Structure formats: structure tokens, C-alpha cells
Amino acid sequence: MTNSQQITDDKNSMLDQNSASDIFNLEENKLPHAELEKSPLNPEKLKSMPQNVPNIEQNIQEETPNNFNLIQPIIDNIHQAIAQLQKDFEVKVKYDESKERTINALHKELQDYREDMVFKILRPLIMDITSIYDHLQLLTKKYGNLSESNSANSIASELTSFTEEIEEIVSRYGFKFYQNDSETYDRSKQKAQKIINTDDSTLDKQIVEHLRMGLQYQERIVRPETVSVYRYVSNQ
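Okay, here's the thing in C-alpha cells:
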């Protein structure tokens, strides 16, 4: 080996050693513990760390309103949606109530119209039957007051049976014969066909005699009961 070759080999060996040293130093700088070893903790820095905590908290508090400002529009939209749903619900409830009232009113009108039509159709027929009923009532009273004979009683009994049958017939169509139980004249249900004057004030508006039965359709007075009534007249 010549001197020139030996010098060249020594240079290459030195370059390789330098390169390896540089690589080791570079990797060492990347490690955290290497940094700690090179820069040991300073006690003065440790004392100052608690003083930095309020600054961190202040930064969080300052950032929180920003986050709230981002959420606030979403909350407002939710409130608006809930308010709209409440409004729609109230409108729907009012609509349903109005609809139900309308249906009930129409149903009542239809029912009243149907009942009125039935009444108008049946009224002439029932009034004709009622006329027969009145004559039978008069005959029953006539034969009942004639005598105590068996024939008269038999006729009166047959007439009574006939009138009861008529009462049953008209009741099938909603009509009913009635006689007011009160002995005081009632203008709403009775008609005074005959008035008898009296000087006794206690007899004023008292029923003297029930002359003819009244007739009603359900709760409607078709024909008032006919009666004779006392009327008080002072002698002075």
C-alpha cells in the first residue's frame, strides 16, 4: 500500500465516523427525553406554572360565549318550531270543535225536520181519530149516567174498551191523550170552554169539569184539554 492510498482511507474513515455522529445527534434531538436531558427543568419555571392556570381558564371562558353564539340560532329554531307546533295544535283543536258543533247542529236540524215531517203527515189522521174518540167519550158518559141497568153498563163498558183501543193506536205514532191532574186551571195545557162566575174567592180558576181530553205529540201540545172553570167575581 502506498502513502497516498493510506491517506485516502483515513479520510474516508473519518467521514464515516462524522456521518454516524451526526445521525445519532439528529435522532437524539427528536426524542423527548433527550430534550429534557439537554434542558433540565428550572425551579423558577415550575413556580410560575400555577400562575398560568387562571389565564387558561380565562381563555376557556372567553371561548365559551363564541360556542354559545353558534348554538343559540339552533335553540331559537327549536323554540320557533315548538311554538309553531303549539299554534297548529290549537288551530286543529278549534277546527275539530267547530266541526263537531256543526255536525251536531246539522244532525239536530235533520232530526227536527224529520220529526216535523212525520208530525205534519200524521196530524190530520190523528185528529180524525180524535174526533171519533171524543164522541165515544160522550157516549160513555151518557150511558154511564142513564141507569144502573145491565144493558146500559154493558154498552158503557164496550165504549170504554173502544176508547182505550184508540188511545193505544195513537200512542204508537207518538201521540198521547192527556188530562191535567191539577184542579187549578193551567193556560199552557188547558182551554176554558165554559166559565162559571162565583163569589167565592177560593174557587177562582178551579176546574169545574173536564170536558174533553187534550192531545200532545211527544212534548208538543196539539190540542189543549177543554175544561170549564170557576171565575171569581166580587159582589161589590
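Numbering-wise, the sequence shown is residues 14 to 249 according to our numbering. Here a beta-carbon is modelled for each residue, glycine too, at the ideal position from N, C-alpha and C. No experiment lies behind these values; they were computed from the predicted model shown.
Count the C-beta pairs between the stretch 139–147 and the stretch 223–240 that are closer than 8 Å, then say yes if the count reaches three, no if not. yes
Does DSSP classify V246 as helix, strand or coil? Here residue 246 refers to the residue found at position 233 of the sequence shown. In this structure, V246 counts as coil in the three-state DSSP scheme.
Report the three-state DSSP secondary structure of I145 (helix, strand or coil). The residue labelled residue 145 in the question sits at position 132 within the sequence shown. Helix at I145.
Please state whether DSSP places S241 in a helix, a strand or coil. If you number the sequence shown from 1, residue 241 lands on position 228. S241 falls in the strand class under three-state DSSP.
For L54, which residues from the same chain have a beta carbon less than 8 Å from its beta carbon, with the 5 sequence-adjacent residues on both sides left out? The sequence position of residue 54 within the sequence shown is 41, counting from 1. Because L54 carries a pLDDT of 46, less than 50, the predicted location of this residue cannot be relied on, and the following value inherits that uncertainty. Excluding sequence neighbours, L54 sits near nothing in its chain.
Just to confirm, are V240 and L216 a CB contact at a threshold of 8 Å? Residue numbering aside, residue 240 sits at position 227 when the sequence shown is read from its first letter. Residue numbering aside, residue 216 sits at position 203 when the sequence shown is read from its first letter. Cβ distance not < 8 Å, so V240 and L216 don't count as in contact.
At the level of alpha carbons, what is the spacing between K100 and Q93? Position 87 of the sequence shown, counting from 1, holds the residue named residue 100. Position 80 of the sequence shown, counting from 1, holds the residue named residue 93. Taking the straight line joining both Cα atoms gives about 10 Å.
Beta strand (DSSP E) segment containing Y191, residue limits: Numbered from its first residue, the sequence shown carries residue 191 at position 178. First-last of the beta strand (DSSP E) with Y191: F188 to Y191.
What residue range is occupied by the uninterrupted beta strand (DSSP E) comprising R225? Residue numbering aside, residue 225 sits at position 212 when the sequence shown is read from its first letter. R225 -> beta strand (DSSP E) spans I220 to R225.
Distance check for T211 and K133, CA to CA, integer angstroms please. For the purposes of this step, residue 133 is identified with residue 120 of the sequence shown, where counting begins at 1. For the purposes of this step, residue 211 is identified with residue 198 of the sequence shown, where counting begins at 1. Rounded to the nearest angstrom, the two C-alpha atoms are 41 Å apart.
Which residues does DSSP list as the beta-bridge partners of K207? As a working mapping, residue 207 is identified with position 194 in the sequence shown. DSSP lists S241 as partners of K207.
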